[in-house]
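In the working numbering, each residue's number is its place in the sequence shown (first place is 1) plus 27.
For glycine and all other residues, C-beta sits at the position ideal for the given N, C-alpha and C.
For reference, the structure discussed in these notes is given below.
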Amino acid sequence: MAEVPMVFILAGLAAYTVLAGADFGAGLWMLLARPGRAAPAVTRDHARHAMGPVWEANHVWLIFVLAVCWTAYPVAFGSIASTLAAPLFIAAVGIILRGVSYALRGQVGGARGRHLVESLFAFSSILTPFALGATVGGIASGRVPVGNAAGDLVTSWLNPTSVVIGVLGVATGAHLAAVYLAADAHRLGERALELDFRARALGSGVVAGALALAGLLVVRVDAPALYDGLTGGWGAVMAGISAAAGLATLVLVWRHRFGPSRATAALAVAAVLAGWASAQRPSILPGLTVEEAAAGRATLLAVIVAVVAGAVVLVPSLLLLFHLFLRGRLDPVAGPSAAAGIRPATGHEPRHRTALAVVAAAALLAGVVLTSVVGSGWPLVLGVGCLIVCAVATFGLATIDIDEERSNGRAALRREP
28 MAEVPMVFIL AGLAAYTVLA GADFGAGLWM LLARPGRAAP AVTRDHARHA
78 MGPVWEANHV WLIFVLAVCW TAYPVAFGSI ASTLAAPLFI AAVGIILRGV
128 SYALRGQVGG ARGRHLVESL FAFSSILTPF ALGATVGGIA SGRVPVGNAA
178 GDLVTSWLNP TSVVIGVLGV ATGAHLAAVY LAADAHRLGE RALELDFRAR
228 ALGSGVVAGA LALAGLLVVR VDAPALYDGL TGGWGAVMAG ISAAAGLATL
278 VLVWRHRFGP SRATAALAVA AVLAGWASAQ RPSILPGLTV EEAAAGRATL
328 LAVIVAVVAG AVVLVPSLLL LFHLFLRGRL DPVAGPSAAA GIRPATGHEP
378 RHRTALAVVA AAALLAGVVL TSVVGSGWPL VLGVGCLIVC AVATFGLATI
428 DIDEERSNGR AALRREP
């Protein structure tokens, strides 16, 4: 039971690295946009559009990792957060600046103001993954001892291993973003953008691979124990899987097979995290195993139950979000008639909407009453079930609204001369 929350943490880290990492990489490409087949302004708009519907949802995984870690492994969390307070603070500031600049971009007038906001967004998109990578490097290289601020507040994250992992984090995010943005451009039929981001995906993939190999050499000298774990046993297996997936991604991108390349690029990154976990197991910090760091059995059980119950709501909502996004359901529909609000006949949608709204409202009311007022035994279970029904009904309402907006947009475009 002590290792189950650690599995949750690693899964959350993998999801955050694959999804939020690509978001950070999109910010980097906005900074590096140069004239190519597509104009720089078009490149920046494409990157901004691609991250728009999902960028806030990505940070759910970071919050999840932090919450599980401090609840299930409080001693380890306290040691990490105190010794590595500086990079964690820098990462938090970067996330805040990134969100503020993203929100302000549409509100700032003038080319100078927009350039300043976009530069701030791009800078924070580089700063945050580097700081998070440096944090991982400090933990992986054994520079975080057990205790409150027991490690050096500077060299724990400004060391060869941390620096190389931080730079690798930035490069990996850029590669993931290029692969995803090339796939989005292909789906949208934007040939110029597709070719530009295809070239960026190939180039950044080669750079990320070279940095990974160079990183192994640095780790061999700076953190021998970590190097031994990565080059033997399951660590070596995961490293091999990552290398194979990375090469497969380059081949698929070269052949314009962008759909499968998304999966192989994500696998390459996730396998690196799995290799790190295998190399460090069973220790979480020097002299502290996962079992020793774990909280009491009752706390672990509560964490596991809470994660499983939360996943019932969270995972379907995220799957719906990415399904709608990857199918183009969230793409804006251009055209003056669409903006004018032309609404064709909708058939049974109004009745379906009303029924779902009634179900959602009733389930929400019943769930709140059963969980808050009664709050024990089978009524509590029924209350949680009612809240799940409310969530599913709400998803149905959202799907109907999005489908109707898409049909309205297509009808409007057909009516334009």
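Item	Value
Near Thr316, which residues of its chain fall below 6 Å by C-beta distance, leaving aside the five closest residues on each side in sequence?	Pro309 and Ser310
On the three-pair Cβ rule with 8 Å, is the segment 189-200 touching the segment 235-246?	yes
When you compare the CB positions of Ala212 and Val280, do they come within less than 9 Å of one another, or not?	no
Helix, strand or coil, according to DSSP, for Leu445 in the structure here?	As shown, the chain starts at 28 and ends at 444. That puts residue 445 outside it, with no answer to give.
Whose C-alpha, out of Leu253, Val278 and Val386, is nearest the C-alpha of Ala266?	Leu253
Do Ala250 and Thr188 have their CB atoms nearer than 9 Å?	yes
For Glu318, count the other beta carbons within 10 Å of its own beta carbon; 16 or more makes it buried, fewer makes it exposed. Which is it?	exposed
In whole angstroms, what is the alpha-carbon distance linking Pro313 and Gly169?	6 Å
Write down every uninterrupted run of the alpha helix (DSSP H) in the segment 138-225 whose length is 4 residues or greater and which is fully enclosed by it, in chain order.	138-167 and 187-215
Residue ranges of each alpha helix (DSSP H) run of no fewer than 4 residues wholly in the segment 228-297, ordered along the chain?	251-257 and 260-281
Ignore the nearest five residues each way along the sequence and tell me which others in Pro156's own chain have a CB closer than 6 Å to its CB.	Phe51, Gly196, Val197 and Gly200
Are there 16 or more other CB atoms within 10 angstroms of the CB of Phe91, so buried, or fewer, so exposed?	buried
Determine the direct distance from the alpha carbon of Ala77 to that of Ile192, and round the result to whole angstroms.	26 Å
Which two residues bound the contiguous alpha helix (DSSP H) that contains Met33?	Val31 to Leu58
Provide the residue span of the alpha helix (DSSP H) that contains Val317, from first to last.	Val317 to Ala320
Buried or exposed, going by whether 16 or more other CB atoms sit within 10 Å of the CB of Thr70?	buried
Can you check which of these residues, Ile123, Ala275 and Ala158, is closest to Leu147 by C-alpha distance?	Ile123
Give every residue of the same chain whose Cβ lies closer than 7 Å to the Cβ of Ala29, excluding the five residues on either side of it in the sequence, and list them in chain order.	Val317, Glu318, Ala321 and Leu327
By alpha-carbon positions, which one of Asn175, Ala333, Gly126 and Arg282 ends up nearest to Ala149?	Gly126
Taking the alpha helix (DSSP H) that Pro114 falls in, what are its first and last residues?	Ala112 to Leu131
Taking C-beta to C-beta, are Pro101 and Thr162 nearer than 9 Å?	no
From the DSSP output, in three-state form, read off Ala336 for me.	helix
Between Arg75, Ala119 and Pro172, which has its C-alpha nearest Ala130's C-alpha?	Arg75
Taking Ala219 as the reference, which of Asp255, Arg141, Ala66 and Ala272 has the closest Cα?	Ala66
Which of helix, strand or coil does DSSP assign to Pro3?	Nothing can be reported for residue 3, as the shown portion of the chain is limited to 28 through 444.
Out of Glu221, Val194 and Gly216, state which residue places its alpha-carbon closest to the alpha-carbon of Tyr207.	Glu221
Report the rounded CA-to-CA distance for Ser364 versus Cys417, giving the unit in angstroms.	Confidence is the limiting factor: at Ser364 the pLDDT is only 34, short of 50, which leaves the residue's position unreliable, though a coordinate-based value still follows. Distance between the alpha carbons of Ser364 and Cys417: 35 Å.
Taking the beta carbon of Pro32 as the centre, do at least 16 other beta carbons fall within 10 Å, making it buried, or is it exposed?	buried
Which of helix, strand or coil does DSSP assign to Gly323?	coil
Indicate whether Ile117 and Ala167 have their beta-carbon atoms separated by less than 9 Å.	no
Might you give, ordered along the chain, the residues of its own chain that have their beta carbon closer than 7 Å to the beta carbon of Ser109, omitting 5 neighbours on each side?	Asn175 and Ala176
Beta-carbon separation of Ala297 and Leu203 under 9 Å?	no
Can you tell me whether DSSP reads Arg354 as helix, strand or coil?	coil
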